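To start, the structure itself, in structure tokens.
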Amino acid sequence: MARDGHPGLPFDPKTAAVDDPDRLDYELGRIKGAKIDPELFDYLYEYYYDRIFRFFFNRLKNRVDAQDLTADVFHLALSRLWQFRWLNKPFQAWLYRIAVNRLNRHLKLAQRQRSWLAPIDSMGEEVFADSEQDPALELEKIRQRQRIERHLAVLSNEERNWIALRYYEDLPVKEIAAIYGVPEGTMKARLHRALGKVRRAMTGDRGE
Amino acid sequence: MLDHDDLELQLQETSFAPRPDLEHKAALQTELRARARDRHTSRPLILTAIAMVTLGATFIDQPDLESTGMWLDVTSIIDDGSATFSTREGAAPSFSIGRSNSSVEPAELDSLKLRLEQKRLAYMEGRLALNDAFGLTFEGMTAYHLTYGEDRDGFYFPVDIGLIEDNERYHRFIRSPRYSEICGLAYEGKLAGATTDTLMLDGHAVAMTSWRLTDPEFGTIVHHLGTPLN
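These protein sequence lines map, in sequence, to chains A and B.
My numbering numbers the first residue of the first sequence as 124 and each following residue consecutively.
My numbering numbers the first residue of the second sequence as 3 and each following residue consecutively.
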């Protein structure tokens, strides 16, 4: 990424935290620049590729689909970059909004809602292949995830997106609210209700 | 008894962090760079707006455009027979024109192109007055449209907050009789419960009046009607 080489910067824009004010300034400069010279999009791609891929992977548990959708998101973002405005919505929220829309369309078209449980059964091989952790620990994690996912089935697709953004992507509630264009309190309440549904499903399942 | 904190912890602990396929990542980056280069070299000016010129002729038939040196993409087709076309140079979307029940004849293209260019220049030079603004908030996302120039040959500047254009239900709603009814009532001053705000849109201060309504089929929507303060 020769174009991104800025050895004089007091921080590393590639590894700085997403909400680091210096990085945000740098990112805004890149966005403005990319509207004039789209090759400057490189930085945005490098910084966000892994995050967007991980979001799709956690939702779909299928590498090929996650890669395809990630590609769609970046193609769409590049072609629509001129639409992005700094309206109190960070670039990350704008990008995740594209991802959520793309995912919803994918799920709708493929009618995958019903196969929410299916792909995870084939996850083991892939997770092990990717992981540097102890296979026994990974296997336990997969089992635990399977148990939770069984109960997440009580949620709508959009509710699962909120859960994925908050707990799998670790986005702050404020950022998820920005993605959906709603007040932070509203998103907090939505997440709370969604968790409540899952919790009731889990405890009901245990007969408590 | 499982509480919220336990559940939150379980969710966090079971997040998968797969290693991205570096080959895919590099291939996609190459593809995006090529596309970016193509966009950059194919036009002298990157525009920050899609301008739409409403022409009111009859509908959709892609003509042989390559011979004219102009590309025309159908970007959306609406059930009532209207369509939006996007003109391109190379792969770069720039301005688009909306036509109602129209077919674009190759012979028309030069004049269309000329009109688009005139509108584009007038807009870029600030010679087109902003004369109207309207918008809709739907499922938490908002789209505003600013109208420059004259009604019949106007220039629409879309401000899309939250990619509402991707929302199929939104498109269904704005084609529904209910939306037409709401627009009519708003223009006639017959909608109750208005709130007002001043917004900066495309560099203009706009006094925006908004009405929150609940539709039995589409849920809560907010209809916006603006008056430019210039």
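No residue lacks a Cβ here, since even glycine has one placed at the ideal position from N, Cα and C.
Computed from a predicted structure; not experimentally measured.
Residue i - DSSP class collapsed to helix/strand/coil
i: A:Asn185; result: coil
i: B:Ser212; result: strand
i: B:Ile52; result: Because the pLDDT at B:Ile52 is just 30, under 50, the model does not fix this residue reliably, and the value given afterwards should be weighed accordingly. Coil, per DSSP.
i: B:Thr32; result: helix
i: B:Leu193; result: coil
i: A:Pro144; result: helix
i: B:Val224; result: strand
i: A:Pro133; result: coil
i: A:Thr138; result: coil
i: A:Leu288; result: helix
i: B:Ala207; result: strand
i: A:Asp293; result: coil
i: B:Asp199; result: strand
i: B:Ala38; result: helix
i: B:Asp23; result: coil
i: B:Pro230; result: strand
i: B:Leu148; result: strand
Any chain B beta carbon closer than 8 Å to residue i
i: A:Asn280; result: no
i: A:Tyr166; result: no
i: A:Lys297; result: no
i: A:Leu262; result: no
i: A:Arg322; result: yes
i: A:Tyr291; result: yes
i: A:Arg313; result: no
i: A:Ala139; result: no
i: A:Asn284; result: no
CB contact below 8 Å: residue i versus chain A
i: B:Met210; result: no
i: B:Asp23; result: yes
i: B:Thr89; result: Caution is warranted here: a pLDDT of 41 is assigned to B:Thr89, below 50, making its placement in the model unreliable, and the coordinate value is therefore given only provisionally. Chain A contact via Cβ: absent.
i: B:His6; result: yes
i: B:Leu193; result: no
i: B:Thr16; result: yes
i: B:Glu219; result: no
i: B:Leu13; result: yes
i: B:Thr149; result: no
Host beta strand (DSSP E) of residue i (start-end)
i: B:Phe140; result: Leu132 to Phe140
Chain B contact residues for residue i, given Cβ-Cβ distances below 8 Å
i: A:Asn185; result: Residues of chain B passing the Cβ test: none, with the nearest at roughly 11 Å.
i: A:Val398; result: This structure leaves residue 398 of chain A out entirely; chain A is present only between 124 and 331.
i: A:Arg268; result: Thr16 and Phe18
Endpoints, the alpha helix (DSSP H) within which residue i is located
i: B:Leu11; result: His6 to Glu15
i: B:Phe175; result: Glu170 to Ile176
Beta-carbon neighbours of residue i, restricted to chain B and to distances below 9 Å
i: A:Phe176; result: Pro20, Pro22, Asp23, His26 and Lys27
i: A:Gln215; result: Neighbours of A:Gln215 on chain B: none; closest Cβ ~14 Å, over 9 Å.
i: A:Leu201; result: Leu34, Arg37, Ala38 and Arg41
Proximal residues of chain B, C-beta to C-beta of residue i below 7 Å
i: A:Asp173; result: Pro22
i: A:Ile154; result: In chain order: nothing, as chain B lies at least about 12 Å away.
i: A:Phe134; result: In chain order: nothing, as chain B lies at least about 23 Å away.
Residues that residue i contacts on chain A, provided the C-beta gap is smaller than 8 Å
i: B:Leu132; result: Result: empty, since nearest Cβ-Cβ is about 17 Å, beyond 8 Å.
Distance cut-off 7 Å: residue i Cβ against heavy atoms of the ligand MG
i: B:Phe136; result: Summarising the ligand content, the structure contains no ligands, and the ligand MG is consequently not present.
Residue i: contacting residues in chain A (beta-carbon distance under 9 Å)
i: B:Leu30; result: Tyr168, Tyr172, Gln190, Thr193, Ala194, Phe197 and His198
Interface partners of residue i on chain A, CB under 7 Å
i: B:Leu9; result: Leu318, Val321 and Arg322
**Request:** Would you be able to state if there are at least three C-beta pairs under 8 Å between the region 162–177 of chain A and the region 188–199 of chain A?
**Result:** yes
**Asked** If we count Cβ pairs, one from each stretch, closer than 8 Å, do we get three or more for the region 11–26 of chain B versus the region 297–306 of chain A?
**Response** no
**Request:** Tell me, please, whether the region 266–284 of chain A touches the region 219–228 of chain A by the rule of three or more beta-carbon pairs shorter than 8 Å.
**Result:** yes
**Stretch-stretch touch, CB-based, cutoff 8 Å, three pairs: the region 172–185 of chain B with the region 132–141 of chain B** = yes
**Meets three-Cβ-pair contact criterion under 8 Å: the region 291–298 of chain A and the region 316–328 of chain A** = no
**Stretch-stretch touch, CB-based, cutoff 8 Å, three pairs: the region 8–16 of chain B with the region 133–153 of chain A** = no
**Asked** Does the region 221–231 of chain B touch the region 128–136 of chain B, meaning 3 or more C-beta pairs lie closer than 8 Å?
**Response** yes
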